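Read in order, the letters of the sequence shown correspond to residues 305 to 700 in the numbering used here.
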Amino acid sequence: MLTLASLAGAGGNYLFQAIMGRWLKIEEFGHLNAALGIAGMLTIGIGAASQAVTHHLARHQACGEQNRVEELKAASSAFLFRLTIFCSIMAVIFIHPISVFFHVPRTAVTVWVLATILVSLWGGLANAWCAGLGQFHFMAVLGLASVSMRLAVGGFGGRIWSNAETGIAASVFSGLTIVAVVVWRDRTFVCVRGRLGPLRDPEFIRFLIASLAVCIGNYAFTQSDVVVAQRWLSGPDLGTYTAAGLFGRAVIWLPMPILTVFFTARSGQERSDKATLLQLVAFAGLLIVGAGAVMLGKEILCRLLLNRTDTTVLALMNRFAVVMIPVGLLQALAFYVLAGRRFTSALVYGTCGLLYGAALTWWGRDAQTLLTLILSGATATFVLVGATTLLNNRRD
């Protein structure tokens with residue numbers, strides 16, 4: 305059900321992008337998605353903490369350790385409260401220089417990015433609780449409600465304010481929908497001064513470090529190019545690159561729920577079984593099918609998004625569909641590495657992500673170079689992380 309609901313949710317999110325693509329000028333459309341990319345960069349730490357909580361909740365749940373599950377939920381909410389304060393301060397300090405470096409056009413955009421970060425902090429906890437306890441049906445319903453809110457706010461706001469801030473605000477209210485429902489439902493576990501003992505366990509700390517490395521790598525290979533594009537591209541060039549990238553990234557985002565289910569299932573096991581391996585095979589198959597669908601239907605997709613066909617966008621969509629295949633395979637490998645507690649491989653992946661991000665920022669000054677760097681960087685990293693994982697498996 306989660307997969308079907310996620311497909312519907314993904315369709316809703318692309319409908320939202322189509323609404324924004326029709327209401328906004330092409331450069332404002334580019335600024336919208338670049339701003340969301342910056343927000344993602346500043347919440348990498350929350351994603352890492354969320355994955356660590358998910359992993360350990362799944363392990364305790366699989367072992368029937370209900371007391372430890374409840375202790376971890378209470379400790380994670382107390383930890384998040386402290387992390388929220390810390391990240392808020394860091395965001396306020398660093399958001400301006402980051403915005404200047406990546407050429408964010410207006411102060412109002414920066415303010416809404418800050419709001420997105422705060423919502424993402426609590427959203428990470430909500431998703432960790434649901435995924436860690438295998439509550440995929442509940443996640444599916446919440447995902448659909450969140451997308452509905454995004455469409456409502458974006459559709460109404462776009463008629464009045466045709467700028468990037470409208471789309472960012474819609475994303476903020478969308479996230480608030482999930483946070484409000486989960487925090488209210490599990491309010492008995494939300495505490496400010498809870499005991500952090502379960503989070504001080506050496507195994508949890510090691511996993512948190514590995515999760516941070518994986519989240520850095522995941523962000524670098526799936527989103528960082530949008531932010532870099534805003535630094536080097538401008539006006540229509542930024543808009544066309546962003547529009548083509550939306551459908552290219554759909555090759556990964558549509559089957560991503562399979563990896564969410566895989567991560568939870570594999571986290572509760574010592575070794576992979578046939579079911580979890582089949583999930584990885586299904587994800588890889590959907591990557592290839594999705595890339596083919598984007599390439600064959602690019603004219604229809606472009607018209608749905610921009611209400612017209614654009615030859616530059618069409619050409620970029622072909623390349624995006626191809627380069628997202630190794631990026632998607634790299635995501636599957638990263639989930640496998642983290643769920644299997646292959647910490648060395650996770651650190652290698654995070655290091656490669658940092659080097660890749662630096663290469664994009666330094667050399668990615670036009671769309672074609674960005675796509676070349678994505679393809680070569682993802683392929684090389686997949687080979688390196690895969691080889692490291694195989695060596696570790698043989699030693700075990």
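Idealized CB from N, CA, C, for every residue including glycine.
Keep in mind that this is a model prediction, so the values were computed, not measured.
Glutamate 469, enclosing alpha helix (DSSP H) - first and last residue: 468-489
Do isoleucine 350 and leucine 446 have their C-beta atoms within less than 7 Å of each other? no
Among Ile393, Ile678, Phe587, Ala473, which one has its Cα closest to the Cα of alanine 533? Ile678
Could you spell out the range, first to last residue, of the alpha helix (DSSP H) harbouring asparagine 611? Premise fails: asparagine 611 is in no alpha helix (DSSP H) and is neither H nor E.
Can you give me the Cβ contacts of leucine 688 inside the same chain, cut-off strictly under 7 Å, excluding the 5 residues immediately before and after it? Val652, Cys656
Which whole runs of the alpha helix (DSSP H) in the region 389-450 are 4 residues long or more, in chain order? 411-436
Counting Cβ pairs closer than 8 Å, one from the region 577-588 and one from the region 629-649, do we hit at least three? yes
Quick check on the DSSP output: the alpha helix (DSSP H) that includes glycine 589 runs from which residue to which? 578-600
Under 7 Å Cβ to Cβ from glycine 458, same chain only, skipping five residues before and after it: list those, please. Phe320, Ile323, Met324, Thr470, Gly471, Ala474
Determine the burial state of tryptophan 327: buried for a count of at least 16 other Cβ atoms within 10 Å of its Cβ, exposed for fewer. buried
Best match in Ala362, Phe442, Gly427, Leu346 for proximity to isoleucine 397 [C-alpha to C-alpha]: Leu346
What is the DSSP secondary structure of threonine 670, reduced to helix, strand or coil? First, the residue type needs correcting, since residue 670 is aspartate and not threonine in the sequence shown. Aspartate 670 falls in the coil class under three-state DSSP.
Are the region 519-538 and the region 668-675 touching, with three or more C-beta to C-beta distances below 8 Å? yes
Straight-line CA distance for valine 390 to valine 555? The amino acid at residue 390 is misidentified as valine; the sequence shows phenylalanine. Approximately 35 Å, taken between the alpha carbons.
Which of helix, strand or coil does DSSP assign to glycine 462? helix
Within the same chain, show all residues whose beta-carbon is closer than 6 Å to that of glutamine 583, passing over the 5 residues directly before and after it, in chain order. Ile562, Phe566
Below 8 Å on the Cβ atoms is my contact criterion, and I expect threonine 481 with serine 450 to pass it. Report the Cβ-Cβ distance as a whole number of Å. 5 Å
Under the assumption that leucine 581 contacts alanine 468 (Cβ atoms under 8 Å), give the Cβ distance between them as a whole number of angstroms. The Cβ separation is near 42 Å, so there is no contact.
Give me the Cα-Cα distance between alanine 650 and valine 483, rounded to the nearest whole angstrom. 29 Å
Same chain, Cβ closer than 8 Å to arginine 607, neighbours up to 5 away in sequence not counted: Thr613
Can the beta-carbon of alanine 343 be found less than 7 Å from the beta-carbon of serine 515? no
Is it buried or exposed, methionine 443, if we count other Cβ atoms within 10 angstroms and call 16 or more buried? buried
Beta-carbon proximity of glycine 334 to leucine 542, cut-off 7 Å: yes
For arginine 454, I'd like the list of residues in its chain whose CB is within less than 6 Å of its CB, leaving aside the five on either flank, ordered along the chain. Phe320, Ala474, Ser478
When you compare the CB of leucine 418 with every CB in chain C, is at least one pair closer than 7 Å? You won't find chain C in this structure, because it holds only one protein chain.
Opening and closing residue of the alpha helix (DSSP H) in which serine 354 lies: 348-366
If I'm right that serine 528 touches glycine 681 with Cβ under 8 Å, what's the distance once you round it to whole angstroms? With a Cβ gap of about 10 Å, serine 528 and glycine 681 do not count as contacting.
Between the C-alpha atoms of threonine 568 and glutamine 355, what's the straight-line distance to the nearest angstrom? 10 Å
For phenylalanine 525, which residues of its own chain have a beta-carbon under 8 Å away from its beta-carbon, when the five flanking residues on both sides are left out? Val631, Leu634, Gln635, Gly657, Tyr660, Ile678, Gly681, Ala682, Thr685
Could you name the residues of the same chain whose beta carbon sits closer than 8 Å to that of histidine 359, not counting the 5 residues immediately before and after it, in chain order? Gly436, Phe511, Ser515, Phe567, Ser571, Leu642, Ala643
CB contact flag (glycine 428, isoleucine 520, <7 Å): no
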